[in-house]
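Remarks on the structure that follows.
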Amino acid sequence: MKTAIKLFVAVFFILAAVRLTEAQNYSLTGKVRYADNNEIVTSGNVKAYGLSGIEIAEANITPEGDYILWLHYTEVDLIGFPNIEPEEDYVPTGYPNQTNPSLFTHIAIN
5 MKTAIKLFVA
15 VFFILAAVRL
25 TEAQNYSLTG
35 KVRYADNNEI
45 VTSGNVKAYG
55 LSGIEIAEAN
65 ITPEGDYILW
75 LHYTEVDLIG
85 FPNIEPEEDY
95 VPTGYPNQTN
105 PSLFTHIAIN
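Each residue of the sequence shown is one higher than the one before, counting from 5 in this note's numbering.
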């Protein structure tokens with residue numbers, strides 16, 4: 005049986021281009037998969053953090069592994085959080101599949 009730490013090293017896929025909506029909001033969509041076996045992550049959250057470290061948006065991961073974030077113009081880091089217990093048994097993973105925040109790929113929304 006796999007441990008939660010190993011399982012939740014996720015890979016984020018930005019599937020759609022960032023789209024502008026009427027109120028100058030942008031949608032950022034993607035799919036979350038486990039890095040070790042490419043299976044879809046079926047529950048949890050994806051959170052967007054500004055470069056200052058403040059959470060600015062959050063989206064649930066659907067049973068199909070998809071998420072949609074609504075953002076204003078900014079630059080963000082994406083981090084995935086699973087719905088597993090106990091909470092300390094996982095490693096939050098940043099886009100695209102890094103656990104070290106200095107290696108996250110920033111996503112520019114503009």
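Every residue, glycine too, gets a C-beta built ideally from N, C-alpha and C.
Quick caveat, the model's predicted, so the values are computed rather than measured.
So what does DSSP say about residue i, is it helix, strand or coil?
| i | result |
| --- | --- |
| S31 | strand |
| L55 | coil |
Grab the span of the beta strand (DSSP E) containing residue i for me, first residue to last.
| i | result |
| --- | --- |
| T78 | 78-86 |
| L75 | 70-75 |
Who are the Cβ neighbours of residue i in its own chain at under 7 Å, not counting the five residues just before and after it?
| i | result |
| --- | --- |
| T109 | Y99, P100 |
For residue i, which residues from the same chain have a beta carbon less than 6 Å from its beta carbon, with the 5 sequence-adjacent residues on both sides left out?
| i | result |
| --- | --- |
| V87 | One point to set straight first is that residue 87 is Asn, not Val, in the sequence displayed. So the list reads S47, G48, once near-sequence residues are dropped. |
| G69 | K35, V36, I44, V45 |
| K51 | E59, E62, I83 |
So with Cβ pairs under 7 Å, would you call residue i a contact of chain C?
| i | result |
| --- | --- |
| N104 | Given the protein chain composition of this structure (a single chain), no chain C is represented. |
To the nearest angstrom, report how far apart residue i and residue j are at their CA atoms.
| i | j | result |
| --- | --- | --- |
| D81 | L107 | 10 Å |
| E79 | G54 | 6 Å |
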